[in-house]
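J.: Residues 1 to 218 (this note's numbering) make up the sequence shown, in order.
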Amino acid sequence: MADRFFLAAHTGEQRLSARVDGALVALGCAGALLAELILEEEIAVTPSVRPSGKGRCPDFLSWTILREVRQESGHDMRTWLEYLGQTATEKVRARLTIIDVLREVPVSGGWRGGTAAAWQFAEDGASKPEADLEALFTSVETAGGSGMITVPSRIAEISLALLLRETGVLRQIRLPKHIARQGEYRMESWEPRIPGALRSLINEVGAARGQAAITPRH
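(1) Where does Gly85 land, buried or exposed, given buried means 16+ other C-beta within 10 angstroms?
(2) Once DSSP output is grouped into helix, strand and coil, what is the label at Asp18?
(3) What is the C-beta distance between Val205 and Leu61, in whole angstroms, given that I count them as a contact (C-beta under 8 Å)?
(4) Around the Cβ of His178, are there at least 16 other Cβ atoms within 10 angstroms (buried) or fewer (exposed)?
(5) Helix, strand or coil for Leu175, going by three-state DSSP, please let me know.
(6) Assign Ala122 to one of three DSSP states: helix, strand, or coil.
(7) I think Ala208 touches Leu81, with their Cβ atoms under 8 Å apart; what is that distance to the nearest whole Å?
(8) Give the single residue among Ala131, Gln182, Glu141 and Thr138 whose Cα lies nearest to the Cα of Arg4.
(9) Is it the case that the Cβ atoms of Ala122 and Arg103 are separated by a distance below 7 Å?
(10) Closer than 7 Å by C-beta to Cys29: which residues in its own chain qualify, once you throw out the five before and the five after it? Chain order, please.
Printed below as a string of structure tokens:
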């Protein structure tokens, strides 16, 4: 999920450019990394974040974060978002580079001389958040008998959309107006029906964004 958030939060063919402030990209990447572990049932929110699984993470980055949670369990979600947000963007970008979704390209360092690093998509059309979101917002409703959404892939897609909304990325993605309105309505309907740990995460991401907006920068 963090990979998909990162890709949705950036645009540009020759050089990646963030759609929103870098701090919001970092917040979303941190939230998505935690969401991955929640979806894998490797962490629980009670309300502090604690390990709950067998450590069978799908990749090294997820395992690294889980190891930190195991070593420092008991902290609340906001603390983990702030901590992981310090390096989340770079770590997710590195993971995408390793699997050849992104490619590092040298660029001029400007008046300072030398070269700097930039990234671009390794293949054309590597990221199509507009198509993915339109498909999600217009898809057939799926829910269990209790009304809760239980299909893991569906939960992941909805959680990603909610993270994009809470970080302000969603409004920067161009969708037809009627699709955007339908998406707003459906997200309001979906949010109460995803697992509680993910709802808590989404709420904390939104609160952290709101706090950042009213906190003066020194």
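Glycine included, every Cβ here is placed at the ideal spot set by N, Cα and C.
T.: So, from the listed chains and residues:
(1) buried
(2) Strictly speaking, residue 18 in this sequence is Ala, with Asp absent from that position. Strand.
(3) That pair is no contact at about 19 Å.
(4) exposed
(5) coil
(6) coil
(7) 6 Å
(8) Ala131
(9) yes
(10) Ala2, Phe5, Phe6, Ala88, Thr89 and Val92
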